[in-house]
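Novice:
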Amino acid sequence: MAILVTALEFPPVSHVTEWPTIFGEGLFAVNKVVLLMWLSVLIVFGLFYAASRRSRLVPTGVQNLAESIVDFVRDGVVLQTMGPEGMSFLPLLVMMFTFIFLTNIWEIIPVAQMPVNARIALPAYMGVLVWVLYNFIGIRNQGFFGYFKSVMFPPGVPKALYILVTPIEFVSTIIVRPFSLAVRLFANMLAGHLLLVSFITITTAVFTLGPALVIWPVSFGLLVALTGFEVLVAVLQAFIFTILTAVYIAGAMHPEH
Amino acid sequence: MELLNVVAQQSPGELAAGLTAVGRGIVYGAAAIGPGIGIGIVVGNAITAMARQPEAAGMVRTTMFLGIAFTEALALFGFVLSFIVAG
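Put into structure tokens, the structure is as follows:
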């Protein structure tokens, strides 16, 4: 047991999330995470460009894939939250879903093995983007004062309770939403990344010990199972980010009644 | 603190580092209690709803994921805070 404990050296968090600069310097330094992000942008663009360039009535190959993504976002996100009038946001939400899924899935691709969203930069940027978007739509559809009135003074609440409700609604709608949106994605991917790193460390540590080989298949099997679980998490987080964006936009489009 | 140092036979720096590690554990552990119970309630009730009205399963599932996302956020704040807690 003592040998096993000494063989286990978990790397600190900074070792598994900070990558050395490949080129550039200062604010514009490019490392593996940035390269993976650029690659994701290219793949998303390439996928939908290739799918729409020679579109046929009966889809084949890449067009099939793109159409099933669009169908999924339309039926699962837009129609469930915004209804038919939210169709104009379909392109944004499809891009968002595909891009977040791709940046997440790098977590389990060999050689890459690093989810771009395990650094706060990209989730924080997208959180701010969504915040600007739904506030803009709210102000455009309801007017500046109308929007903030419907946010801070929800109808159907007893007058005396506004002392309590108004600050809570203001903080939760204007301040916490982008923050929780970004942190949810970031923390889920970081936790998944650390989980995989921990189990890889355990598996290799057990493998290097001769006598403990009996328990090696257990830790290896768990590692494989967790990799599958991370695929689920990658899809789920992309879905949740997209559907929350849709819910926020739907809430800003019409005053509550 | 003096007494603790004598008992542990360590330098003050090591004690501080150890206490930081314990604090980080408590921050995450405490933050996970409420959301753990909350997610249990959300999913349990969603399963009840799906079992009673299987035709509404799609709508219930979407709403369930939304509920999980809102509940889970607090645990994730705790997870991130546990890294921010200074050593």
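Note that the protein sequences, when read in sequence, are chains A and B. If you use the working numbering, the first sequence corresponds to residues 1 to 257, in order. If you use the working numbering, the second sequence corresponds to residues 1001 to 1087, in order. Even for Gly, the Cβ is constructed at its ideal location relative to N, Cα and C.
1) Please compile the residues from chain B whose C-beta is within a distance smaller than 7 Å of the C-beta of isoleucine 240 of chain A.
2) Beta carbons nearer than 8 Å to chain B: which residues of the stretch 19-37 of chain A have them?
3) Looking only at C-alpha atoms, which of A:Ala250, A:Phe136, A:Leu122, A:His193 sits nearest to methionine 37 of chain A?
4) Go through its chain and collect everything with a Cβ distance to alanine 252 of chain A's Cβ below 6 Å, but skip five positions before and after it.
5) Listed from N- to C-terminal order along the chain, which residues in the stretch 1033-1065 of chain B have their beta-carbon within a distance smaller than 9 Å of any beta-carbon of chain A?
6) Using alpha carbons as the reference points, say which of A:Thr60, A:Ala124, A:Gly83 lies closest to serine 180 of chain A.
7) Short check: CB of isoleucine 105 of chain A to CB of alanine 234 of chain A, under 8 Å?
8) Give the straight-line distance between the Cα atoms of alanine 160 of chain A and phenylalanine 45 of chain A, rounded to the nearest whole angstrom.
9) Pull up the distance between the alpha-carbon of proline 12 of chain A and that of leucine 27 of chain A, whole angstroms please.
10) Report yes or no: is there a C-beta of chain A within less than 8 Å of the C-beta of isoleucine 1084 of chain B?
11) In whole angstroms, what separates the C-alpha of glycine 1040 of chain B from that of glycine 24 of chain A?
12) Using alpha carbons as the reference points, say which of B:Glu1072, B:Gly1034, B:Val1022, B:Pro1035 lies closest to leucine 236 of chain A.
13) For phenylalanine 241 of chain A versus isoleucine 108 of chain A, is the C-beta distance shorter than 8 Å?
14) So, are the CB atoms of alanine 1056 of chain B and alanine 1046 of chain B less than 8 Å apart?
15) Give the range of the alpha helix (DSSP H) segment to which alanine 118 of chain A is assigned.
16) Please list, in chain order, all residues of the same chain as phenylalanine 199 of chain A whose beta carbon is under 7 Å from its beta carbon, the five residues on each side excluded.
17) Glutamate 1014 of chain B CB to nearest chain E CB: under 8 Å?
18) According to DSSP, is valine 151 of chain A part of a helix, a strand, or is it coil?
19) Of all the residues that make up the stretch 221-255 of chain A, which are near chain B by a beta-carbon distance shorter than 8 Å?
20) Could you tell me if tyrosine 49 of chain A is buried or exposed, where buried requires 16 or more neighbouring beta carbons within 10 angstroms of its beta carbon?
21) Contact criterion: CB-CB distance below 8 Å. Does alanine 1073 of chain B meet it with respect to chain A?
22) Sorted by chain position, which residues of the same chain lie with C-beta nearer than 8 Å to valine 151 of chain A's C-beta, five sequence neighbours on each side aside?
23) Which residue's Cα is closest to the Cα of phenylalanine 144 of chain A: A:Val116, A:Pro255, A:Lys32?
24) Please state if the CB of alanine 187 of chain A and the CB of phenylalanine 1065 of chain B are separated by a distance shorter than 8 Å.
25) Determine the chain B residues that contact serine 180 of chain A at a beta-carbon separation under 7 Å, and present them in chain order.
26) Let me know the secondary structure DSSP gives phenylalanine 170 of chain A once reduced to three states.
27) Among the candidates A:Met114, A:Arg140, A:Thr60, whose CA atom is the shortest distance from the CA of isoleucine 35 of chain A?
Specialist: Let me lay it out:
1) As a position in the first sequence, residue 240 of chain A is number 240, starting the count at 1. Phe1065, Ala1069, listed in chain order.
2) Residues passing the 8 Å Cβ filter: none.
3) Locating residue 37 of chain A in the first sequence gives position 37, counting from the first residue. For methionine 37 of chain A, the closest alpha carbon among the candidates A:Ala250, A:Phe136, A:Leu122, A:His193 is that of A:Leu122.
4) The residue you call residue 252 of chain A lines up with position 252 of the first sequence. By the criterion of a C-beta distance shorter than 6 Å, alanine 252 of chain A is surrounded in its chain by Tyr134, Ile137, Gly138, once the five residues flanking it on both sides are discounted.
5) If the cut-off is 9 Å between Cβ atoms, the stretch 1033-1065 of chain B has Gly1058, Met1059, Thr1062, Thr1063, Phe1065 near chain A.
6) To locate residue 180 of chain A, count along the first sequence from 1; it is residue 180. Ranking A:Thr60, A:Ala124, A:Gly83 by CA distance to the CA of serine 180 of chain A puts A:Ala124 first.
7) Here residue 105 of chain A refers to the residue found at position 105 of the first sequence. Here residue 234 of chain A refers to the residue found at position 234 of the first sequence. Yes, the Cβ-Cβ distance between isoleucine 105 of chain A and alanine 234 of chain A is below 8 Å.
8) To locate residue 160 of chain A, count along the first sequence from 1; it is residue 160. To locate residue 45 of chain A, count along the first sequence from 1; it is residue 45. CA-to-CA, the gap between alanine 160 of chain A and phenylalanine 45 of chain A works out to about 53 Å.
9) Translated into the one-based positions of the first sequence, residue 12 of chain A becomes position 12. Translated into the one-based positions of the first sequence, residue 27 of chain A becomes position 27. Rounded to whole angstroms, proline 12 of chain A to leucine 27 of chain A spans 24 Å at the Cα level.
10) For the purposes of this step, residue 1084 of chain B is taken as residue 84 along the second sequence, with counting starting at 1. Residue contact with chain A for isoleucine 1084 of chain B: absent (no Cβ-Cβ distance below 8 Å to any residue of chain A).
11) In the second sequence, counting from the first residue as 1, residue 1040 of chain B sits at position 40. In the first sequence, counting from the first residue as 1, residue 24 of chain A sits at position 24. When rounded, the distance between both Cα atoms is 48 Å.
12) As a first step, residue 236 of chain A is located in the first sequence; it is residue number 236 there, counting from the start. Of the listed residues, the one whose Cα sits closest to leucine 236 of chain A is B:Glu1072.
13) Locating residue 241 of chain A in the first sequence gives position 241, counting from the first residue. Locating residue 108 of chain A in the first sequence gives position 108, counting from the first residue. No, the Cβ-Cβ distance between phenylalanine 241 of chain A and isoleucine 108 of chain A is not below 8 Å.
14) Here residue 1056 of chain B refers to the residue found at position 56 of the second sequence. Here residue 1046 of chain B refers to the residue found at position 46 of the second sequence. The answer is no: Cβ separation not under 8 Å.
15) As a first step, residue 118 of chain A is located in the first sequence; it is residue number 118 there, counting from the start. Segment: none, alanine 118 of chain A is in no alpha helix (DSSP H) and carries neither H nor E.
16) Counting from one through the first sequence, the residue named residue 199 of chain A turns up at place 199. Closer than 7 Å at Cβ, skipping near neighbours: Ser219, Leu222, Leu223, Leu226.
17) Of the protein chains in this structure, namely A and B, none is chain E.
18) One-based indexing of the first sequence puts residue 151 of chain A at position 151. Valine 151 of chain A falls in the helix class under three-state DSSP.
19) The stretch 221-255 of chain A vs chain B, Cβ under 8 Å: Leu236, Phe239, Ile240, Ile243, Leu244, Val247.
20) For the purposes of this step, residue 49 of chain A is taken as the residue at position 49 of the first sequence. Looking at its Cβ environment, which holds fewer than 16 other Cβ atoms inside 10 Å, tyrosine 49 of chain A is exposed.
21) Along the second sequence, read from residue 1 onward, the residue named residue 1073 of chain B stands at position 73. Answer yes: the Cβ-Cβ gap between alanine 1073 of chain B and chain A drops below 8 Å somewhere.
22) Here residue 151 of chain A is taken as the residue at index 151 of the first sequence, counted from 1. Within the same chain, valine 151 of chain A has close Cβ partners Gly138, Glu169, Phe170, Thr173, Ile174.
23) Position 144 of the first sequence, counted from the start, is the residue given in the question as residue 144 of chain A. It is A:Pro255 whose Cα lies nearest to the Cα of phenylalanine 144 of chain A.
24) Here residue 1065 of chain B corresponds to residue number 65 of the second sequence, with the count starting at 1. Here residue 187 of chain A corresponds to residue number 187 of the first sequence, with the count starting at 1. No, the pair does not count as a contact, with Cβ atoms beyond the cut-off.
25) Locating residue 180 of chain A in the first sequence gives position 180, where the first residue counts as 1. Residues of chain B passing the Cβ test: Ala1073.
26) The sequence position of residue 170 of chain A within the first sequence is 170, counting from 1. Judged by DSSP in its simplified three-state form, phenylalanine 170 of chain A adopts helix.
27) On the first sequence, residue 35 of chain A is found 35 positions in, with the first residue counted as 1. Sequence inspection shows leucine at residue 35 of chain A; the isoleucine mentioned does not correspond to that position. Comparing Cα-Cα distances from leucine 35 of chain A to each of A:Met114, A:Arg140, A:Thr60, the minimum goes to A:Met114.
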